[in-house]
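Visitor:
In my numbering, the protein residues as written are 4 to 77.
(1) Given this structure, state the Cα-to-Cα distance separating residue 55 from residue 40, to the nearest angstrom.
(2) Within this structure, are the beta carbons of residue 19 and residue 51 separated by less than 8 angstroms?
(3) Straight-line CA distance for residue 23 to residue 44?
(4) Closest to residue 26 by CA distance: which of 17, 15, 46, 35 is it?
(5) Once you ignore the five residues that flank residue 85 on each side, which residues in its own chain have a CB closer than 6 angstroms to its CB?
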């Protein structure tokens with residue numbers, strides 16, 4: 004039913020609700036043959052991630068929370 008953390012880590016996603024320190028944002032990730040939304044927090048030391056930013060999942064906390072960082076610099 005749920006994904007194992009190792010299956011989620013490393014997947015790309017896109018920010019759909021601003022992610023930043025002190026904010027709970029949202030990202031969409033393509034998984035399980037579709038696209039799913041997850042609550043998202045920034046990796047410690049990461050600044051604000053605007054809507055539309057491509058991110059990488061670095062940690063998964065079941066059932067619907069991920070920690071992300073920008074996939075590309077600049």
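By construction, the Cβ of each residue, glycine as well, lies at the ideal position given by its N, Cα and C atoms. Computed from a predicted model, the values in this text were never measured in an experiment.
Guide: Checking against the coordinates, here is how it stands:
(1) Looking up residue 55 in the chain shown gives position 52. Looking up residue 40 in the chain shown gives position 37. Approximately 14 angstroms between the Cα atoms of the pair.
(2) Within the chain shown, residue 19 is the residue found at index 16, counting from 1. Within the chain shown, residue 51 is the residue found at index 48, counting from 1. No, the Cβ-Cβ distance between residue 19 and residue 51 is not below 8 angstroms.
(3) Within the chain shown, residue 23 is the residue found at index 20, counting from 1. Within the chain shown, residue 44 is the residue found at index 41, counting from 1. Between residue 23 and residue 44, the C-alpha separation is close to 7 angstroms.
(4) Within the chain shown, the letter at position 23 stands for residue 26. Residue 46 is the option with its Cα nearest to residue 26.
(5) Outside the modelled stretch of the chain, which goes from 4 to 77, sits residue 85, for which no answer is possible.
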